[in-house]
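Just so we're aligned, residue 487 is where the sequence shown starts under my numbering, counting upward by one.
Built from N, CA and C at the ideal position, the CB exists for glycine as well.
As the structure is a computational prediction, the values presented were derived from the model and not from experiment.
Beneath this line is the structure, given in structure tokens, with notes to follow.
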Amino acid sequence: LAVIQSDVKRLDRLMTDISRASRLDAELAREDTARFDFAALLKDIVESYRDARQSGPDLVFEPVAGSAMIEGRAGPLGQVVRNLIDNAVTFAPKDRASRIKLRVFRDHRNGLPAWTLTVEDEGPGIPEENLETVFKRFYTDRPKGAAFGTHSGLGLAIARQIVKAHGGAIHAENRKGDDGHVRGARFVVTLPAARGE
């Protein structure tokens, strides 16, 4: 009975994720954009994770001095951040203390002012040949011990879809130590700054 219940939950999650992904473009086209502080949104999300989690990696947020104003949709962009944090939590080492670090800073994209968010973990990193593949729908490569079927392989694909709809870019890279060994993964999101920023 427990196996059947687990399968039902897995299928329900998969159907929900597929439905959400298929409606996303239409929802983004209909939803109005607004000017908001991306750094404040990040701070709120990090605090909600800290309040909800009793174990797992430490969540560290390095805010920018002042605000990080962008023109966009806070709800979907918040989903991007949550997807990246959830992904990092999944790959966090289970046998030792670790942290997930979020950082936002001023940047440029296509010669225009932008804000960049990095989400770094201390997991195994991503095989070089999969740095782009991780953003494809239904791609999943979970660590040993992760419950089968608890991840649909849509989180990063949805994140890229939302970021692109905001005129931004997202990519993955590995963090390497001085010795050249991989120390974890880093996801980099760059979004255009609001006018006048």
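Inset, instruction - Could you pull out every unbroken alpha helix (DSSP H) segment of at least 4 residues lying fully inside the region 581-652, listed in chain order? - result: 641-651
Legend entry - Per DSSP, the bridge partner or partners of F522: Residue mapping note: residue 522 aligns to position 36 of the sequence shown, counting from 1. According to DSSP, which records beta bridges pairwise, F522 is partnered with I556.
Inset, instruction - Go through its chain and collect everything with a Cβ distance to S584's Cβ below 6 Å, but skip five positions before and after it. - result: Here residue 584 refers to the residue found at position 98 when the sequence shown is read from its first residue. Counting only Cβ-Cβ distances below 6 Å, and skipping sequence neighbours, we find P543, A578 and E608.
Inset, instruction - Flag this pair as touching only if the region 553-568 and the region 515-528 have three or more C-beta atom pairs under 8 Å; answer yes or no. - result: yes
Inset, instruction - Indicate whether A600 and A679 have their beta-carbon atoms separated by less than 8 Å. - result: Position 114 of the sequence shown, counted from the first residue, corresponds to residue 600. Position 193 of the sequence shown, counted from the first residue, corresponds to residue 679. Yes, the Cβ-Cβ distance between A600 and A679 is below 8 Å.
Legend entry - Check whether R686 and T604 have beta carbons under 8 Å apart: What the structure shows of the chain is the stretch from 487 to 683, and residue 686 is not part of that stretch, so it cannot be assessed.
Inset, instruction - Buried or exposed for R646, please, with buried defined as at least 16 other CB atoms from any protein chain shown within 10 angstroms of its CB. - result: Locating residue 646 in the sequence shown gives position 160, where the first residue counts as 1. The residue in question, R646, is buried, as its Cβ has 16 or more Cβ neighbours within 10 Å.
Inset, instruction - Report the rounded CA-to-CA distance for F591 versus F624, giving the unit in angstroms. - result: Start at 1 with the first residue of the sequence shown, and residue 591 comes out as number 105. Start at 1 with the first residue of the sequence shown, and residue 624 comes out as number 138. Approximately 31 Å between the Cα atoms of the pair.
Legend entry - Rounded separation between T619 and A520 - CA only: On the sequence shown, position 133 is the one that residue 619 refers to. On the sequence shown, position 34 is the one that residue 520 refers to. Rounded to the nearest angstrom, the two C-alpha atoms are 32 Å apart.
Legend entry - Proximity below 8 Å, CB of I586 to CB of L545: As a working note, residue 586 is residue 100 in the sequence shown. As a working note, residue 545 is residue 59 in the sequence shown. Cβ distance < 8 Å, so I586 and L545 count as in contact.
Legend entry - Option nearest D581 by Cα separation, candidates R595, P610, I556 and N596: Sequence index remark: in the sequence shown, residue 581 carries index 95 (1-based). Measuring from the Cα of D581, the nearest candidate turns out to be P610.
Legend entry - Assigned exposure category for A643 - 16 Cβ within 10 Å defines buried: As a first step, residue 643 must be located in the sequence shown, where it is residue number 157. Result: buried.
Legend entry - Proximity winner among N573, E615, I556 and I612, relative to T676 (alpha-carbon distances): Counting from one through the sequence shown, the residue named residue 676 turns up at place 190. Cα-wise, what sits closest to T676 is I556.
Legend entry - Span separating the alpha-carbon of D627 from that of N573: Here residue 627 refers to the residue found at position 141 of the sequence shown. Here residue 573 refers to the residue found at position 87 of the sequence shown. About 11 Å.
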